[in-house]
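Residue numbers for the sequence shown, in the working numbering: 81 to 489.
We put the CB at the ideal spot given by N, CA and C, even for glycine.
All values reported here derive from a predicted model rather than from experimental measurement.
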Amino acid sequence: MSDTGTIVIVGAGIAGVHAAESLRKEGYQGRIVLLDSDNQMPYDRPPLSKEWMTGVKDDDNILLRDPSRYESLDIDLKLGVEVKDIDPVHKILYTKDGSSYQWDKLMLATGSQLRTLSIDGDDLEGIFYLRKMADAKAIKQYVQHVQEVVIIGAGFIGAEMASSLKQLGIDVTIVERSSYPMENIVGRQISQYFLDLHRRNGVNVITNDSVVQFNGETTVEEAVTAGGQRIPCQAVMLSVGVVPNTVVSHPQLQTNDGYVVNEYGETSISDVYAAGDCTSWPYQGVPVHIEHWDHAVNHAKKVSQNMINPQSSPYAYIPYFWSEQYNNRFQYFGHAKTWSKTILRASTDTNMFTYFYLDDQNVPKAAFISNQPKNALPIRRMIKQENPVNPEDLADENISLKKVQRVLT
Ligand SMILES: Cc1cc2nc3c(=O)[nH]c(=O)nc-3n(C[C@H](O)[C@H](O)[C@H](O)COP(=O)(O)OP(=O)(O)OC[C@H]3O[C@@H](n4cnc5c(N)ncnc54)[C@H](O)[C@@H]3O)c2cc1C
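Next comes the structure, spelled out in structure tokens:
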């Protein structure tokens with residue numbers, strides 16, 4: 081691509097910022113415009129439910145880059161700019177405030193948007209969602225003056241918020257619709273482990289029930305469940321997941337659980353690419369949608385390389401995410417929608433264990449690691465190699481994970 085062209089990136093989250101930066105690292109000298117509807121300097125989201133919420137990190141600590149970095153890399157960062165439409169024929173995009181931007185190549189890095197619930201009484205004060213810095217600030221300020229919080233949904237963000245709020249001395253009740261939260265991702269045994277972990281840490285966890293009404297004068301005072309429980313609370317956080325943000329649309333732009341991209345990050349429209357949370361991409365030959373920080377970073381880097389050196393760099397990264405709760409660090413590698421067998425290595429009682437998800441050929445498709453970061457590297461390799469392993473060896477802590485590979489492949 082000519083170094084005099086313009087690349088426009090929509091979304092200055094972790095994917096957009098890494099894309100812009102890696103274009104420069106790869107030597108691209110044309111114009112880079114980075115647009116975001118948020119007014120804040122680009123920031124990192126994971127700390128919002130963890131170290132930032134508990135006060136270990138402040139606003140400056142979670143900026144993705146020092147503000148001067150954009151200038152020094154000659155990245156034209158424009159905040160508070162919401163993109164509405166694209167015209168792929170004339171290579172122009174339009175924003176909500178009526179301005180337009182011409183591009184030679186376009187990257188969509190619009191991330192995820194919140195899934196919302198409509199519940200009777202949800203217009204009362206004290207009811208929150210968490211996706212942006214502004215949401216996190218509103219929650220943090222509000223909970224300074226409350227003693228009891230209800231969290232709806234025991235997914236990772238709800239679980240992390242329960243942990244952080246407990247750390248702030250707040251009484252927390254989680255209401256979870258299913259009997260085993262995140263069972264489809266981590267399996268029943270690890271789901272049960274999470275339930276026990278919350279309860280051991282003093283959180284009231286209600287499963288198999290859902291909040292159907294909020295009561296209060298002007299502020300929320302009570303959450304009522306379908307099962308008839310009335311839970312006193314002065315604040316509520318709804319944490320019921322996200323969906324890919326494909327709000328920038330066009331009839332020719334194919335979407336299916338995100339913008340559909342090939343292994344190079346190309347969408348169905350020529351010269352329009354997409355990366356990060358907003359995409360559906362081919363992983364081990366199957367389209368997947370992943371909403372994790374590490375994927376957003378690595379995907380954006382690869383896709384931006386392909387924007388300037390077309391189809392040079394297929395993306396084939398093993399998905400990875402982490403979570404932190406009650407001073408435990410959890411890591412998950414791979415992606416398994418279903419599995420035939422699970423193997424526990426060490427006991428969950430110690431909080432230090434690894435759990436494998438194998439297919440019917442005994443190929444490890446994913447692994448969940450609790451407080452055993454040294455297992456990360458061999459496991460990433462194991463999942464990438466797609467070789468069958470002996471499940472008994474995996475379960476045996478006396479056999480190193482590296483040896484499991486050597487003995488059996
Ligand atoms: C509270 C919280 C905690 C998390 N913790 C973890 C964790 O522990 N581990 C982990 O792996 N992942 C975690 N995640 C997920 C991780 O943050 C995301 O996977 C990552 O942010 C995705 O990056 P992205 O750049 O693709 O999208 P986003 O970070 O969503 O960025 C997209 C950007 O696009 C902008 N945008 C959207 N539409 C438009 C438009 N029309 N015009 C202009 N701009 C637009 C948005 O304002 C946003 O800034 C967490 C997320 C949250 C919210």
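- By the CB criterion at 8 Å, L318 and Y406 fall outside the cutoff.
- Residue range W373 to I388 is occupied by the alpha helix (DSSP H) that includes D374.
- Here M241 carries a helix assignment [DSSP, helix/strand/coil].
- Leaving aside the five residues that flank F410 on each side, the residues in its chain whose CB is nearer than 6 Å to its CB run, in chain order, S403 and S450.
- For R460, the enclosing alpha helix (DSSP H) has its first and last residue at A456 to Q465.
- The three-state secondary structure of R104, taken from DSSP, is helix.
- Within the DSSP secondary-structure output, M121 pairs in no beta bridge.
- Only buried fits A303, as 16 or more other CB atoms lie within 10 angstroms of its CB.
- Secondary structure note for D156: its beta strand (DSSP E) is the uninterrupted segment I155 to L159.
- Annotation: the continuous alpha helix (DSSP H) that includes W132 extends over E131 to T134.
- Annotation for P126 indicates a beta carbon within 7 Å of some heavy atom of ligand 1.
- Straight-line spacing of the CA atoms in P453 and S179 works out to 48 Å.
- Counting of Cβ neighbours within 10 angstroms places R279 among the exposed residues, the total staying below 16.
- Short of 6 Å from the beta carbon of T428, and not among the five residues preceding or following it, lie these beta carbons of its own chain, in chain order: Y273.
- Residues of the same chain with a CB within less than 6 Å of the CB of L173, apart from the 5 flanking positions on each side, are V163, I166 and Y181 in chain order.
- Of all C-beta pairs linking the region 345-356 to the region 373-392, three or more are shorter than 8 Å, placing the two stretches in contact.
- With respect to I286, Q309 sits close: the two C-beta atoms are nearer than 8 Å.
- As summarised for the region 333-368, the continuous beta strand (DSSP E) elements at least 3 residues long and confined to that stretch are 352-354, 359-363 and 366-368, given in chain order.
- DSSP places L481 within a helical segment (H, G or I) once states are collapsed to three.
- Residue side-chain check: T196 keeps its Cβ at 7 Å or more from all non-hydrogen atoms of ligand 1.
- Three or more beta-carbon pairs separated by less than 8 Å link the region 88-106 to the region 187-204, which places the two stretches in contact.
- With contact defined as three or more Cβ pairs closer than 8 Å, the region 124-137 and the region 230-241 are in contact.
- Not one heavy atom of ligand 1 sits closer than 7 Å to the Cβ of H369.
- Checking the 7 Å criterion, the Cβ of S192 is within range of a heavy atom belonging to ligand 1.
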